[in-house]
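Last residue of the sequence shown? That's 810 in the working numbering, and every number before it is there in order. Each remark here refers to the structure printed beneath this line.
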Amino acid sequence: MKKTAGKMKKTRWYDYLWIWTIVYFTLGFFNILFAWLGLFDFLVPLGFAIFGGNKWFCNHMCGRSQLLWKLGRDRKCSRGKTTPEWLHSVWFRYGFLVFFLTMFMTMLVTTYQVFAGAASLKKAVKILWTFQVPWKWAYQGSIFPDWVAQFGYGFYSLMLTSTIIGLICMVLYKERTWCTFCPMGTMTQGICKLKQEKRVYGK
Ligand code: SF4
Numbered sequence: 608m609k610k611t612a613g614k615m616k617k618t619r620w621y622d623y624l625w626i627w628t629i630v631y632f633t634l635g636f637f638n639i640l641f642a643w644l645g646l647f648d649f650l651v652p653l654g655f656a657i658f659g660g661n662k663w664f665c666n667h668m669c670g671r672s673q674l675l676w677k678l679g680r681d682r683k684c685s686r687g688k689t690t691p692e693w694l695h696s697v698w699f700r701y702g703f704l705v706f707f708l709t710m711f712m713t714m715l716v717t718t719y720q721v722f723a724g725a726a727s728l729k730k731a732v733k734i735l736w737t738f739q740v741p742w743k744w745a746y747q748g749s750i751f752p753d754w755v756a757q758f759g760y761g762f763y764s765l766m767l768t769s770t771i772i773g774l775i776c777m778v779l780y781k782e783r784t785w786c787t788f789c790p791m792g793t794m795t796q797g798i799c800k801l802k803q804e805k806r807v808y809g810k
């Protein structure tokens, strides 16, 4: 139970999902196949937005934003400075979403090339879409074909990159500054808006 402004806030199981974020990166560090579990953070928020028309995932279940909050607020790692206006702007948020989706598609193409035998498995993690870091220890072969591991490396790279950006923003500005331009947040917000307009105007 947490005490907030004189009121007792009941702690739920999903308040601990920040631990899952740490576990996820640890598992992926040792075995890249665990990176597939990150799809949870992609599909569940989209599911809430598409079928429920809400951002319940963002508000309650996002382990990454919980971790940013824990480090920034509880551990005082954040300077707590006001987030610059341009990070809130529509052009930046949607521009970043387009960039992110382009990188996602590039990752899928690389996976397909390995699947089709046009390229071999690259045992490396790309940080900030730029720095190729050898990550050989995380995959020594498995019962799965190589493209499965290639997807793991690509997906882990995306997850790690977005978390690093989130941490940098958390230190420089407010705890959850990353959420202002997080591609999942932008996508789910867009979906919720569309659903709401449809309800109101019957479009
Ligand atoms: S905006 Fe992104 S990081 Fe923030 S709570 Fe939503 S999914 Fe998580």
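Beta carbons are placed, not taken as given, at the ideal position from N, Cα and C, and that holds for glycine.
Task: Sub-9 Å separation of R682 and L779 beta-carbons - done: no
Task: Contacting residues, own chain, Cβ-Cβ under 7 Å from I626 (five flanking each side not counted) - done: none
Task: Contact test: C776 Cβ vs ligand 1 heavy atom, cutoff 8 Å - done: no
TODO: Using a threshold of 9 Å, state whether the C-beta atoms of Q757 and V732 are closer than that.
DONE: no
- [ ] Identify whether I772 lies in helix, strand or coil by the three-state DSSP scheme.
- [x] helix
Open item on the list: Suppose contacts are defined by Cβ-Cβ distances below 9 Å. Is L678 in contact with L774 by that definition?
Closed with: yes
TODO: Check whether the Cβ atoms of E782 and R680 sit closer than 9 Å, and answer yes or no.
DONE: yes
TODO: Report yes if the C-beta distance between M794 and L653 is below 9 Å; otherwise report no.
DONE: For M794 and L653, yes; Cβs fall inside 9 Å.
- [ ] Please check the pair G605 and L640, which I expect to be a contact at CB under 8 Å, by giving their CB distance rounded to whole angstroms.
- [x] Because the chain here runs from 608 to 810, residue 605 falls outside it and cannot be looked at.
- [ ] Name the residue from S764, E692 and F664 whose alpha carbon lies nearest to the alpha carbon of T713.
- [x] S764
Task: Assigned exposure category for Y746 - 16 Cβ within 10 Å defines buried - done: buried
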